[in-house]
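Peer 1: Those sequence lines, one after another, are chains A and B.
Be aware that the first sequence starts at 14, since it is given in our numbering, and climbs by one per residue.
Be aware that the second sequence starts at 506, since it is given in our numbering, and climbs by one per residue.
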Amino acid sequence: GAGVSQSPSNKVTEKGKDVELRCDPISGHTALYWYRQSLGQGLEFLIYFQGNSAPDKSGLPSDRFSAERTGGSVSTLTIQRTQQEDSAVYLCASSKDRDQPQHFGDGTRLSIL
Amino acid sequence: DQQVKQNSPSLSVQEGRISILNCDYTNSMFDYFLWYKKYPAEGPTFLISISSIKDKNEDGRFTVFLNKSAKHLSLHIVPSQPGDSAVYFCAARIGGSQGNLIFGKGTKLSVKP
Numbered sequence: 014g015a016g017v018s019q020s021p022s023n024k025v026t027e028k029g030k031d032v033e034l035r036c037d038p039i040s041g042h043t044a045l046y047w048y049r050q051s052l053g054q055g056l057e058f059l060i061y062f063q064g065n066s067a068p069d070k071s072g073l074p075s076d077r078f079s080a081e082r083t084g085g086s087v088s089t090l091t092i093q094r095t096q097q098e099d100s101a102v103y104l105c106a107s108s109k110d111r112d113q114p115q116h117f118g119d120g121t122r123l124s125i126l
Numbered sequence: 506d507q508q509v510k511q512n513s514p515s516l517s518v519q520e521g522r523i524s525i526l527n528c529d530y531t532n533s534m535f536d537y538f539l540w541y542k543k544y545p546a547e548g549p550t551f552l553i554s555i556s557s558i559k560d561k562n563e564d565g566r567f568t569v570f571l572n573k574s575a576k577h578l579s580l581h582i583v584p585s586q587p588g589d590s591a592v593y594f595c596a597a598r599i600g601g602s603q604g605n606l607i608f609g610k611g612t613k614l615s616v617k618p
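(1) Mapping the DSSP letters down to three states, classify Asp-589 (chain B) as helix, strand or coil.
(2) Could you tell me whether the Cβ atoms of Asn-605 (chain B) and Phe-58 (chain A) are closer together than 8 Å?
(3) Express the C-alpha separation of Ser-88 (chain A) and Asp-589 (chain B) in angstroms, rounding to a whole number.
(4) Would Lys-561 (chain B) and Phe-570 (chain B) be called neighbours here (beta carbons separated by less than 8 Å)?
(5) Answer with buried or exposed for Ile-60 (chain A), where buried requires no fewer than 16 other C-beta atoms within 10 angstroms of its C-beta.
(6) Chain A partners of Glu-547 (chain B), CB-CB under 7 Å?
(7) Residues of the segment 21 to 47 of chain A in Cβ contact with chain B at a cutoff of 7 Å, in chain order, please.
(8) Are at least three pairs of beta-carbons, each pair with one atom in the segment 99 to 109 of chain A and one in the segment 582 to 600 of chain B, less than 8 Å apart?
(9) In the DSSP assignment, what residue or residues form a beta bridge with Val-569 (chain B)?
(10) At a CB-CB cut-off below 8 Å, which residues of chain B make contact with Pro-114 (chain A)?
(11) Give the interface partners of Lys-610 (chain B) over in chain E, defined as CB-CB distance under 9 Å, in chain order.
(12) Name the chain A residues that come within less than 7 Å of Gly-604 (chain B), Cβ to Cβ?
(13) Under a Cβ-count criterion, where at least 16 other Cβ atoms within 10 Å of its own Cβ denotes burial, should Ala-67 (chain A) be classed as buried or exposed?
(14) What number of angstroms, rounded off, separates the C-alpha of Ser-51 (chain A) from the C-alpha of Leu-526 (chain B)?
(15) With H, G and I counted as helix, E and B as strand and the rest as coil, what does DSSP make of Asp-31 (chain A)?
(16) Should Asp-119 (chain A) go down as buried or exposed, given a rule of 16 or more other Cβ atoms within 10 Å for buried?
(17) Could you work out which residues of chain A lie near Phe-594 (chain B), taking near to mean beta carbons separated by less than 8 Å?
(18) So which of A:Leu-126, A:Gln-115, A:Gly-16 has the shortest CA-CA distance to Gln-96 (chain A)?
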């Protein structure tokens with residue numbers, strides 16, 4: 014498809030386990046963002062990738078969170094030693110550049126038991 | 506402290522009438538504002554944007570108004586249709602930043618036939 018693709022769509026895991034979330038941005042989009050939405054809240058910025066530049070990690074809530082973007086395309090968000098407060102919908106977005114609207118995937122709903 | 510505020514969690518409008526969704530912000534460094542629409546279990550969909558150098562932008566049934574002195578923007582939908590029923594998020598970007606967006610908590614719009 015032509016849109017942003019995220020997998021898995023749902024993930025249920027036990028507290029303390031590591032999880033990996035994947036994002037395939039729109040082809041040709043150089044900017045990639047990760048956000049999360051907790052219940053009843055707006056979207057919270059996590060991390061931003063632009064081309065080959067060093068990522069902006071200023072939104073990551075703790076050092077348990079990390080992300081990488083290989084080959085300037087696919088990105089993975091990794092959460093180590095998950096906690097119950099990590100339960101949220103994790104959304105990925107991409108844009109042609111910072112001045113263009115961001116287009117979102119449908120998200121990964123993460124539930125920590 | 507919330508920089509982007511949507512003070513109405515919900516709004517109900519009759520089909521064919523105007524829907525007005527409001528958003529207030531506190532950071533005078535915001536240079537770009539967007540509205541997104543979100544259906545359940547889907548990612549946000551970009552609707553319309555406005556640069557801080559403008560006070561109005563129109564796209565079909567959707568018009569966004571920006572009042573910089575009041576730090577207020579609004580989205581007008583006219584005429585409203587039942588398919589417009591969704592959660593609407595206001596978002597803003599800080600000028601000179603990497604481009605990540607700051608979101609409000611959303612307003613759930615219900616358009617009744």
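The beta-carbon is built from N, C-alpha and C at its ideal position, and this holds for glycine as well.
Peer 2: Quick look at the numbers:
(1) Correct three-state label for Asp-589 (chain B): helix.
(2) Between Asn-605 (chain B) and Phe-58 (chain A), the gap from beta carbon to beta carbon is short of 8 Å.
(3) The straight-line gap from Cα to Cα measures roughly 32 Å.
(4) Contact: yes.
(5) Burial call: buried.
(6) Here the neighbours are Asp-119.
(7) For the segment 21 to 47 of chain A, residues whose beta-carbon sits nearer than 7 Å to a beta-carbon of chain B comprise Ala-44, Tyr-46.
(8) No, the segment 99 to 109 of chain A is not in contact with the segment 582 to 600 of chain B.
(9) In the DSSP output, where bridge partners are listed per residue, Val-569 (chain B) has B:Asn-562, B:Leu-580.
(10) Proximity of chain B to Pro-114 (chain A) at the Cβ level (cut-off 8 Å) is accounted for by Leu-539, Phe-551, Ser-554, in chain order.
(11) Annotation note: the requested chain E is absent from the structure, which comprises protein chains A and B.
(12) Ordered by position in chain A, the residues that pass the 7 Å Cβ test against Gly-604 (chain B) are Ala-44, Tyr-61, Arg-111.
(13) It counts as exposed.
(14) Whole-angstrom Cα-Cα distance: 22 Å.
(15) DSSP places Asp-31 (chain A) in the coil class of the three-state scheme, outside both helix and strand.
(16) Around the C-beta of Asp-119 (chain A), 16 or more other C-beta atoms lie within 10 Å, and the residue is accordingly described as buried.
(17) Correct list: Gly-55, Leu-56.
(18) Measuring from the Cα of Gln-96 (chain A), the nearest candidate turns out to be A:Leu-126.
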